[in-house]
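The structure appears below as C-alpha cells.
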Ligand code: GLY
C-alpha cells in the first residue's frame with residue numbers, strides 16, 4: 017500500500033510537481049548540510065519489502081521508539097519474512113540521519129572474508145573459477161554483519177532496548193508466516209539454481225517440495241537465535257554456544273569459518289559520501305559500497321553537460337555514457353577502503369568528471385571495450401532488500417541489507433535457523449571474471465582475510481529547499497542505476513509513488529548493452545539510440561523492489577511507497 021499524508025492529515029492523489037533540478041554540481045565541501053530542517057514532519061513513514069516488517073517498525077514507533085529502533089525492528093523482521101533476500105546470516109548498510117544534530121552516519125555491516133580465505137580459493141588447478149563455488153554452500157559465506165549492526169544501532173542511536181525492538185521478529189519466527197504464491201515460486205525455483213542444505217530443506221522444502229500457499233512456515237531455531245541476540249546482544253551470536261553451533265555447521269559441511277572469525281567481527285562507522293547536484297544535496301553510501309562514488313560521478317558528468325536541458329535521445333545517451341564510465345571505474349578502482357587505497361576524493365571530484373567526459377561523443381556510443389579495464393560478459397540477477405524509515409521528529413534510516421543471491425548460499429547451519437549469505441561471490445574471484453551479477457572487478461576487490469567485498473547497495477538521502485527523499489532498492493548491479501533514476505525522478509518533482517514506479521534503464525559497462533524494462537523507452541527513442549550505436553535489450557522481467565519516502569517542506573506532505581513490481585508494505589501514520 018502506498019500512502020500520502022498532508023500536514024492537515026488529508027490523503028492526496030499523488031501528483032507530479034513541476035520542479036526541475038538546475039543542473040550544476042558543487043564539490044563535497046560546498047555548503048553541504050545547510051538544508052536539513054530542524055522540525056520533524058509530525059508523522060512517521062515506513063516503506064519495506066514486506067507488510068509484516070513495516071508493521072513491526074510501526075509497532076516499535078508506537079512504543080516510543082525512534083527511526084533507529086524501528087530500523088532494527090524492520091531489519092530483524094525481514095530476516096524472518098523475506099528469507100530469500102536478507103537476514104542475520106548476511107550483512108547490510110545503514111544510512112542514518114539524526115534530527116537533533118543534523119548529522120548523518122553510515123553504519124557498515126558488510127560481511128568479511130574469514131581468516132582462512134585466500135585470493136585463489138575459488139579457482140581450479142588451471143586458474144579458472146570453479147562453477148558456483150563462491151555461490152553455494154558454506155564456503156561461499158562471509159562472516160555476517162547484521163547481528164552486530166542491530167546491537168550497535170539499538171545501543172548507540174535507539175531509545176529502546178535491543179530486546180524490545182527484536183520482539184516482533186521473534187514473534188513472527190515463532191508464530192510463522194503463511195507461504196505466498198511468490199514465496200512458493202521462489203522455493204520451487206531455488207533447488208534448480210542453488211544447493212539447499214539439509215537444514216534448509218527441513219524448514220522450507222518439507223517432503224522435498226515447496227509448501228502449499230497458505231501453509232505456515234515456523235522458524236523455531238531462528239527464533240532461538242534471535243532470542244539469544246535479544247538476551248545477550250551481539251555477543252550471543254558471535255561468541256559462546258550459538259557461535260560454536262554456527263562454526264560447527266559450517267566446518268562439518270566443508271566451510272572454513274572459525275570461532276575467532278565470528279568473535280572478531282565489527283561494524284564500522286563511516287562518513288557518507290555527500291555532494292550537490294544543482295540545489296540538491298545527496299547523502300549516500302561510501303566504499304565498500306560502489307554506489308555513492310558512481311552516483312557522484314554520474315551526477316558530476318550530467319551536470320557538466322547540462323543534462324536537465326537536453327532533449328531525447330541526447331538525454332538518455334548522455335546518461336548511458338556517464339553510467340558506462342562510472343561502472344568502468346568501479347571495476348578498476350573500488351574495493352574495501354580498509355584494505356586498498358580507494359581514491360574516492362579524486363573519483364568524485366568535478367574536474368575528474370571533465371576527464372571522463374572528454375571521451376564522450378554525443379553522436380556515437382562508446383564501445384565499452386575501447387575503455388581500459390577488466391572485460392567479460394554474464395547475465396544479471398536480483399535480490400537483497402531495502403527499507404526506508406522517517407520518524408515524526410525527522411530521524412531517518414535508509415537501509416539496504418542482503419544475503420546476496422536468492423536464499424544466499426542455501427546453507428543453514430543445523431540448529432541455528434540462520435540462512436548464510438553467499439557474499440564471497442561479490443569479491444573478484446579472478447580479475448575480469450564476472451560475478452553473479454555480471455560485474456567484473458580488479459585486484460582492488462580481490463579476496464583477503466578480514467576484507468569486506470565490494471557492494472552495489474546504495475541507501476540514499478536527497479534533500480533540497482523543497483524537501484527530502486529516502487530511497488534504495490535491491491537489484492544487484494542495477495541498484496546504482498535504479499537509485500540514480502529514482503533520484504532524477506524526485507528532482508523532476510516525483511513523490512514516493514512516482515519514484516518507485518518509474519520504468520528503468522540500465523547499463524553497467526560490461527555487458528555493453530542498454531537493458532530496459534517494458535515501457536521505459538518508446539520506439540522512437542529506441543531507434544534513435546540504436547542509430548547512435550547502442551545495443552538495446554528489453555528485459556523480460558521487471559527489476560528491483562524500491563522502497564521510498566518523500567517529504568515536501570512547503571506543506572509537510574509525506575508519502576511512502578513500495579515498488580509496484582512486488583508486494584511490499586508502506587504507510588504513513
Ligand atoms: N550482494 C549484492 C551487493 O551487495 O551488491
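In my numbering, the protein residues as written are 17 to 589.
Ideal Cβ positions, reconstructed from N, Cα and C, are used throughout, including at glycine.
- Residue 110 is not a Cβ neighbour of residue 428, given a cutoff of 8 Å.
- The Cβ atoms of residue 213 and residue 426 lie closer than 8 Å to each other.
- At a threshold of 7 Å, residue 492 counts as near the ligand GLY, since its beta carbon sits closer than that to one of the ligand's heavy atoms.
- Ranked by Cα distance from residue 551, the first of 177, 486 and 337 is 337.
- Remark: C-beta atoms of residue 288 and residue 302 approach each other more closely than 8 Å.
- The Cβ neighbour count for residue 417, taken over all protein chains shown within 10 Å, is at least 16; the residue is labelled buried.
- Under the three-state reduction of DSSP, residue 257 is assigned to helix.
- If you check the CB distance, residue 369 and residue 411 do not come in under 8 Å.
- Residue environment: residue 439 is assigned as buried (16 or more neighbouring CB atoms within 10 Å of its CB, all protein chains considered).
- If you draw a straight line from the Cα of residue 108 to the Cα of residue 536, it comes to about 29 Å.
- Burial state of residue 374 is exposed, judged by a 10 Å Cβ sphere holding fewer than 16 other Cβ atoms.
- Distances between the C-beta of residue 561 and the heavy atoms of the ligand GLY are all 7 Å or more.
- Bounds of any alpha helix (DSSP H) do not take in residue 489, whose DSSP letter is neither H nor E.
- Using a cutoff of 7 Å, the CB of residue 420 counts as near the ligand GLY, since one of the ligand's heavy atoms is closer than that.
- The segment 474 to 493 makes contact with the segment 549 to 564; the number of CB pairs closer than 8 Å reaches 3 or more.
- For residue 356 and residue 469, the gap between their C-alpha atoms comes out near 12 Å.
- The nearest non-hydrogen atom of the ligand GLY is 7 Å or more from the C-beta of residue 458.
- Residues 425, 436 and 437 of the same chain have their beta carbon placed closer than 6 Å to that of residue 157, with the five preceding and five following residues left out of the count.
- Ranked by Cα distance from residue 579, the first of 340, 155 and 402 is 402.
- Excluding residues up to 5 positions away in sequence, 548, 549 and 550 lie with their Cβ nearer than 6 Å to the Cβ of residue 381 in the same chain.
- Boundaries of the beta strand (DSSP E) around residue 585: 585 to 588.
- With respect to the C-alpha of residue 207, the residue from 155, 545, 453 and 220 having the closest C-alpha is 220.
- Contact between residue 243 and residue 186 holds, since their C-beta atoms are separated by about 6 Å, short of 8 Å.
- In the three-state reduction of the DSSP assignment, residue 567 falls in the strand class, which pools E and B.
- Setting aside the 5 residues that flank it on each side, residue 457 is surrounded in the same chain by 347 and 444, each with a C-beta closer than 6 Å to its C-beta; the list follows chain order.
- Rounded to the nearest angstrom, the Cβ distance from residue 587 to residue 74 is 7 Å, consistent with a contact under 8 Å.
- In this structure, the ligand GLY has no non-hydrogen atom nearer than 7 Å to the beta-carbon of residue 124.
- Between the ligand GLY and residue 352, a heavy atom-to-CB distance of less than 7 Å is absent.
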